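Participant:
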Amino acid sequence: MAPRWLVALLEAVVAADRVDDVVGDLEELHRRRHARWGGLLAWLLTVAEGSTAVLVHGARGAARALAGRGGFSRVELRLALRLLARQPVMTATSVIALGLGIGLVAGGFSVFRQGIFGELPFADADRWVNIESYAADTGSRTPIDPDRLLTFATEVSQFAYLGEARSESVNIALGGADGGVEAVEAARVTPGIFGHLPWRPVLGRLLVADDARSGAAPVALIRRSLHERRFGGDSEVIGRTLEITGVNHVIVGVLPDEAGFPDQNELWLPHPEVGTATAGQSPAGSRFIAILGEQAEVEAAGARLQQLSDQRVGADPSLVPLRFRVRPLAHILVTPQIYLGIATFLSILVAVLMVIAANVGNLVMARTSQRSGELAVRTALGASRARIVGQLFAESLVMAALAAVLGLAAAGAVLEFYDGLLDELPFWVDLHVAPDTAAAVVLLALLATVVATVAPALKATRSAPGDALRGTRGASARIGRLGGVMIGAEVALSVALLGSALLFAEGFRRYVDPAFDLPDDRVLTARFGLDPSPSTLPTAAIPDDSLPALMARLAASLEARPEVRAVGFAGDLPRTSPWPEPVEVEGGPTPADAPRTPVATIGPGLLEVLEQTPTSGRDFHPDDLAAGALPVALVTEAFAAARFGSSEVVGRRLRVLPESGDPDPATHPWRTVVGVVPDVMEVAGATGTGGVYLPHRALRSTWMAVRVDRDPAALAPVLRREVYTLDPALRLTQVVRLGEVGAENRAALAALSSGLSAIGAITLLLSLAGIYAIVSLSVTRRTREIGIRVALGEARGAVLSSILRRSGVILALGAVVGAGVGLAFTRMRLFVFAVPEAQWWLFPALVAGTAVAGLLACWIPARRALAIQPVDALRYDGG
1 MAPRWLVALL EAVVAADRVD DVVGDLEELH RRRHARWGGL LAWLLTVAEG STAVLVHGAR
61 GAARALAGRG GFSRVELRLA LRLLARQPVM TATSVIALGL GIGLVAGGFS VFRQGIFGEL
121 PFADADRWVN IESYAADTGS RTPIDPDRLL TFATEVSQFA YLGEARSESV NIALGGADGG
181 VEAVEAARVT PGIFGHLPWR PVLGRLLVAD DARSGAAPVA LIRRSLHERR FGGDSEVIGR
241 TLEITGVNHV IVGVLPDEAG FPDQNELWLP HPEVGTATAG QSPAGSRFIA ILGEQAEVEA
301 AGARLQQLSD QRVGADPSLV PLRFRVRPLA HILVTPQIYL GIATFLSILV AVLMVIAANV
361 GNLVMARTSQ RSGELAVRTA LGASRARIVG QLFAESLVMA ALAAVLGLAA AGAVLEFYDG
421 LLDELPFWVD LHVAPDTAAA VVLLALLATV VATVAPALKA TRSAPGDALR GTRGASARIG
481 RLGGVMIGAE VALSVALLGS ALLFAEGFRR YVDPAFDLPD DRVLTARFGL DPSPSTLPTA
541 AIPDDSLPAL MARLAASLEA RPEVRAVGFA GDLPRTSPWP EPVEVEGGPT PADAPRTPVA
601 TIGPGLLEVL EQTPTSGRDF HPDDLAAGAL PVALVTEAFA AARFGSSEVV GRRLRVLPES
661 GDPDPATHPW RTVVGVVPDV MEVAGATGTG GVYLPHRALR STWMAVRVDR DPAALAPVLR
721 REVYTLDPAL RLTQVVRLGE VGAENRAALA ALSSGLSAIG AITLLLSLAG IYAIVSLSVT
781 RRTREIGIRV ALGEARGAVL SSILRRSGVI LALGAVVGAG VGLAFTRMRL FVFAVPEAQW
841 WLFPALVAGT AVAGLLACWI PARRALAIQP VDALRYDGG
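Start counting the sequence shown at 1; every next residue gets the next number (this note's numbering).
Written as structure tokens, this is what we have:
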């Protein structure tokens, strides 16, 4: 059942006539989630949804209460703005901090909701499901054989339609005098699926089943954007031909630009319907998409699939036993691990917002206590306690509203930027702050702000007017236990974020600016390869072992051009960040203890393209790729120093180990080091370990780099034509200068690094501001006490120490805990290519800096109080 405390909260805030329905619905959803996801995930999702319901119904109750009070008048709101403007530093600090928290939570929840649990942008979206198949013994993704598909298509009553779709990049010939070639994102789909999609052609017709029959003329459906770019928007385009991978296809229709199924495709080609005689074995990467009947359920469809598959395996033991997973199409990115990780991340964001709001409450408490005299005068003149608390509440609402506008605007701008930057998002993902998400986050922020500010208001108005005017019973403004915990937590959070952000920024700097100069503006790079399923396109039937021969022919053709200086191939280029693997050196640690090292594959000639030469030994040459050749490797200077302890390592041996199990000599042989090369491709987060280079043996995909003596962009169309001439089925993508490789990663890293730095800095400043405000007010309230202690002969140092002791303990504990959390985070290596190992001095320096800054914030008001003469302090009224 749902958590009891959550049910109790709902019963407290939901109207009596609706509480049974709300709690009952939540209980039912929790039972379903528990059966599907397990206890922990079900609990997290139920708590999130139940908390939102508490906020919504609580806000409605507050609105009803305010309506009974008469709401807030314009005079009260204008007064709130004027009073906030009288203390611009405190107001700006609070608004920026709350805005930061609101923006973080709104952005995080929007990505979580739209990217992970999105919805298809058309009617009956909940009936679209994705079918995944896994080998029963290994759990690896395994394609479904045609006979089983035929059974599914005809005997699963829950399916109204079963189709297939697969995205791929294809080459289209542009024709004309220059004979240009363009790579376009295409999709091969079963035509029947278009009858269930909402988009209708602006010209011509949709694909039909006959288009996919054996012997049918090749046809294509294009999107408006390709229509405009390739044909200039010609209204007579229907019936014209488009050369796709060397074959002329007749254009039969044009879809609007909003069409993008199954991905952001511009071109659609027909694929035989599931279960037909011409369908054949489905290629790797195919998605099987079903549309459920109106009354069908996902669980029942999955159970029926499994039952039919098990029956076929029982009748034919030669078939591979499969396990099936059926889930909503828009949820294909969801895995329990991803869900748990994002839920944890969002919980941290909410915690950040709560801590920020609590510290804002500390600032407001200090500000409210300073106004105790004013509040006492208003009370003495007849203002009710409810009216005064209402005025303070209005100030909090105005401040929270300003923060909400700031935070939602920032979150919307960031999401819009990334929505335009990330081209590979599914077509249903539209990153933006949805109205209901914004409303829930704003309600959360308002609740946190109100709880954090109304409590000080009630405390400040509890005193009798006469006592408040005489200063005898004013709010003490000492840092209470809860306030101390909140300030300590915020200090810890800010130190952890600052340390991680600094390491992230340093890794990013190394990632962008390699230690060695590279000819970034004189090298053109491209990634090309064979279609992973040669049967899908007529001219792509190329044997796996032919790609090296094609590479050699392409290199010879390019090297004959006068502007080309060098051509090379590789599996990894600078800034593509090869993943670290365990590497054992002969005579070094055992395989179980072997350190991880970035391992890249490069071909002969790549170092020449990059204008790098071995510092000792030699480069790879073509004989190293011959069958039966001695296994060899190159190592970087840093690797030689770190792992061998010397630069004289030519002739030494190493081997790359598997992730698990014992190394197989056939696949993980000992390799002889034949050269030492500069560190130009190592992972930024592992700069101390260097890197290892292995000979690149291209089979289906490879990087190519060409160094020229002029603008490399001019070579791009030439390269496309050369590749298309070799074979139209060769896919050419990511044709960019060397300096632009990984540009999207660098943009994402820059934004994340800046965001982490901003969060850490703002939360730390807010923590220090809160401590300063509380200590300053506390010292002001204790001025008479301080004067008495000094007059009685107590040393000023002892008085100062007693004032700073509690604040110092809070600062020290928070900073130390934050340093530990930050250090643990960086050692998790979640961003292995961007987060270098922490220097030993970084987190101690942050702890010391935070402690000094915090104690200074405490020392300033304490020193000011000690500077007052005892006689003056004794006359101080504390108001």
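Heads up, the beta-carbon is just placed ideally off N, CA and C, and yes, glycines get one too.
All values derive from a computational prediction rather than experimental measurement.
1) Please list the terminal residues of the continuous alpha helix (DSSP H) segment that includes L100.
2) Which residues in the same chain as E299 place their Cβ atom closer than 6 Å to its Cβ, once the five residues preceding and following it in sequence are excluded?
3) Could you tell me how far apart the beta carbons of R784 and V799 are, in whole angstroms, since I believe they sit closer than 8 Å?
4) Tell me the DSSP bridge mates of P435?
5) Please confirm whether V219 and V170 have their CB atoms less than 7 Å apart.
6) Under DSSP, the beta strand (DSSP E) around S701 begins and ends at which residues?
7) Taking Cβ to Cβ, would you say V883 is nearer than 7 Å to A640?
8) Would you list the one or two residues that DSSP bridges to E182?
9) Report, in whole angstroms, the separation of the C-beta atoms of F109 and V441, which I expect to be a contact under 8 Å.
10) Could you have a look at G474 and say whether DSSP puts it in helix, strand or coil?
11) Tell me the start and end of each unbroken beta strand (DSSP E) in the segment 187-260 that is at least 3 residues and wholly inside, in chain order.
12) Rounded to a whole number of angstroms, what is the C-alpha to C-alpha distance between T687 and A638?
13) Using the three-state DSSP reduction, which class does L813 fall into: helix, strand or coil?
14) Do P631 and P595 have their CB atoms nearer than 7 Å?
15) Taking buried to mean at least 16 other C-beta atoms within 10 Å of its own C-beta, is A834 buried or exposed?
16) Take F417 and list the residues in its own chain whose beta-carbon comes closer than 6 Å to its own, dropping the five residues that flank it on each side.
17) Take S646 as the anchor and find which of D872, V635 and V656 has the nearest alpha-carbon.
18) Taking the C-alpha atoms as reference points, what is the distance between E266 and E243?
19) Compare the C-alpha of F427 against each of D263, P562 and R575 and name the closest.
20) Please report how far the alpha carbon of T702 lies from the alpha carbon of P580, in whole angstroms.
21) Please classify P519 as buried or exposed, where buried requires at least 16 other C-beta atoms within 10 Å of its C-beta.
22) P270 and D211 - do their beta-carbons sit closer together than 7 Å?
23) For H30 and L6, I'd like the C-alpha separation in whole angstroms.
24) Cα-Cα, which of V821, E563, R653 and P844 is closest to V708?
25) Got a sec? Which residues, its chain only, sit under 8 Å from H432 by beta carbon, not counting five neighbours each side?
26) In the structure shown, what three-state DSSP assignment does S158 receive?
27) Taking L558 and V706 to be in contact with their CB atoms under 8 Å, please state how far apart those CB atoms are, rounded to whole angstroms.
28) In the DSSP assignment, the alpha helix (DSSP H) including V274 goes from what residue to what residue?
29) Could you check which residue in G499, V389, R86 and P198 has the C-alpha nearest to that of A761?
30) Mapping the DSSP letters down to three states, classify A413 as helix, strand or coil.
31) Alpha carbon to alpha carbon, how far is E608 from L203?
32) As a quick exercise: from S140, H227, E119 and E395, pick the residue whose alpha carbon is nearest that of M90.
33) Report buried or exposed for D619, applying the criterion of at least 16 other Cβ atoms within 10 angstroms of its Cβ.
34) For T142, collect the residues of the same chain with a Cβ closer than 7 Å to its Cβ; drop the 5 residues on either side in sequence, then sort them by chain order.
35) Note down the Cα distance separating L719 from I289, rounded to an integer number of angstroms.
36) Does DSSP put S801 in a helix, a strand or coil?
Facilitator: Looking at the atomic coordinates:
1) P88 to V111
2) none
3) Rounded, the Cβ-Cβ distance is 13 Å, inconsistent with contact.
4) According to DSSP, which records beta bridges pairwise, P435 is partnered with nothing at all.
5) no
6) S701 to V708
7) The chain is shown only over 1 to 879; residue 883 falls outside these bounds and no answer can be derived.
8) I172
9) 7 Å
10) Low local confidence applies: a pLDDT of 42 at G474 is under 50, so the model's placement there is unreliable, with the coordinate-based value given in what follows. Of the three classes helix, strand and coil, the one that applies to G474 here is coil, per DSSP.
11) 219-223, 241-244 and 247-255
12) Only weak support is given to the placement of T687: the predicted model assigns it a pLDDT of 49, under 50, and the question is left unresolved by the model.
13) helix
14) no
15) Confidence in A834 is poor, its pLDDT being 46 and thus under 50, which makes the residue's placement unreliable; the coordinate value appears in the next sentence. Answer is buried; the Cβ neighbour count reaches 16.
16) none
17) V635
18) 15 Å
19) D263
20) 19 Å
21) buried
22) yes
23) 12 Å
24) E563
25) S110, Q114, G412, L415, E416 and D419
26) Inspection of the sequence shows that residue 158 is occupied by Gln rather than by Ser. Looking at Q158 - three-state DSSP - the assignment turns out to be coil, as it is neither helix nor strand.
27) 6 Å
28) No alpha helix (DSSP H) holds V274; DSSP gives it neither H nor E.
29) G499
30) helix
31) 51 Å
32) E395
33) buried
34) S133, Y134, A135, V320 and L322
35) 37 Å
36) helix
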